[in-house]
Ligand SMILES: C[S@@+](CC[C@H](N)C(=O)[O-])C[C@H]1O[C@@H](n2cnc3c(N)ncnc32)[C@H](O)[C@@H]1O
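In the numbering used here, the protein residues as written are 289 to 607.
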């Protein structure tokens, strides 16, 4: 276990078991944390990593469009029409973590002329397959690669714009921002939509309670929350450190309401919204059953099961 893993783990223990108000006793939380920590230190509990996210999104790919039925209204705001209209040169865009191609399709519609090139990259083989079947256009190229590896290989001043919707939390931040800054042309734009730390906190606390109640069913630990910005200001500061200035930013939330706990769980799994969470447990069916029961007992509001996706989006220009 290296230092980063220890940092991730201790942050997770702190956040998940101490700071959050869980419906399990502090003593139970402490006992569970010690148990999982011990197994973690003896390498019997692993860290959820990009191979688990790939597995989650490969599973989600077929139904993933459900995400954009609810969250597409946010992704739509990062296509800056003024920027696209401002220049007649051929555009060269990158859609990082392109999923099933939602942003790429919107860009193709928005550009409105023939001279462009878009590269869509995604770690999930099944996501990329869907893109390739849906968008057959010689100006658009889809690659099934790790986005960070792709960025590292990208030439300097290559792209006019990089778009990344809902994928920032899965990647190491320093190589992401450094390489995008390098690979963008002067005044090129980076457009981001990202969940805020504490997004779907209602669901997260259900999962934390299951972790605390069933430590013996835990085989891995996950913490992506440290990559999520706490606020608009935090994102602005972070992106600013890498040499970007904001052109437009906004934060908000989308209410996610479902008629049944099962529908809520299906949505969370089908959209990858809890990517990696199922992989923390030794038994996927056990995990699903427990989550449904927690949702049923904790998240019912006016006959609906509700949680909130909180987000920040921003368009930033390379200085
Ligand atoms: C929530 S989806 C968003 C998809 C798309 N951007 C959209 O808005 O519809 C996150 C995507 O990031 C991809 N992803 C995760 N880690 C990645 C990485 N290291 N490189 C490239 N893609 C990655 C996942 O496979 C998934 O398709």
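A virtual CB, placed ideally from N, CA and C, is assigned to each residue, including glycine.
Between which two residues does the beta strand (DSSP E) holding residue i run?
{"i": "residue 540", "result": "532-546"}
{"i": "residue 382", "result": "379-384"}
Look at the Cβ atom of residue i, then the Cβ atom of residue j, and state whether they are nearer than 8 Å.
{"i": "residue 601", "j": "residue 501", "result": "no"}
{"i": "residue 404", "j": "residue 443", "result": "no"}
{"i": "residue 363", "j": "residue 481", "result": "yes"}
{"i": "residue 582", "j": "residue 497", "result": "yes"}
{"i": "residue 439", "j": "residue 468", "result": "yes"}
{"i": "residue 563", "j": "residue 326", "result": "no"}
{"i": "residue 597", "j": "residue 553", "result": "no"}
{"i": "residue 547", "j": "residue 586", "result": "no"}
{"i": "residue 463", "j": "residue 445", "result": "no"}
{"i": "residue 390", "j": "residue 360", "result": "yes"}
{"i": "residue 556", "j": "residue 491", "result": "yes"}
{"i": "residue 607", "j": "residue 532", "result": "yes"}
{"i": "residue 395", "j": "residue 367", "result": "yes"}
In angstroms with no decimal places, state the Cα-to-Cα distance between residue i and residue j.
{"i": "residue 534", "j": "residue 570", "result": "43 Å"}
{"i": "residue 393", "j": "residue 416", "result": "14 Å"}
{"i": "residue 424", "j": "residue 605", "result": "30 Å"}
{"i": "residue 431", "j": "residue 575", "result": "32 Å"}
{"i": "residue 451", "j": "residue 331", "result": "37 Å"}
{"i": "residue 370", "j": "residue 447", "result": "17 Å"}
{"i": "residue 340", "j": "residue 540", "result": "29 Å"}
{"i": "residue 422", "j": "residue 319", "result": "50 Å"}
Using three-state DSSP, classify residue i as helix, strand or coil.
{"i": "residue 479", "result": "strand"}
{"i": "residue 549", "result": "helix"}
{"i": "residue 430", "result": "strand"}
{"i": "residue 460", "result": "coil"}
{"i": "residue 593", "result": "strand"}
{"i": "residue 445", "result": "coil"}
{"i": "residue 300", "result": "Here the model assigns residue 300 a pLDDT of 48, short of 50, so the residue's position is not dependable and the matter cannot be decided."}
{"i": "residue 473", "result": "strand"}
{"i": "residue 606", "result": "strand"}
{"i": "residue 559", "result": "coil"}
Is any heavy atom in ligand 3 found nearer than 7 Å to the beta carbon of residue i?
{"i": "residue 458", "result": "Summarising the ligand content, the structure contains ligand 1 and does not contain ligand 3."}
Along the chain, where does the alpha helix (DSSP H) that runs through residue i open and close?
{"i": "residue 494", "result": "489-501"}
{"i": "residue 576", "result": "572-586"}
{"i": "residue 521", "result": "520-529"}
Whole beta strand (DSSP E) elements within the segment 388-443, 3-residue minimum: 404-409 and 428-431
Which runs of the alpha helix (DSSP H) spanning at least 4 residues fall entirely within the segment 321-371, listed in chain order? 338-348 and 353-363, all fully within the segment 321-371.
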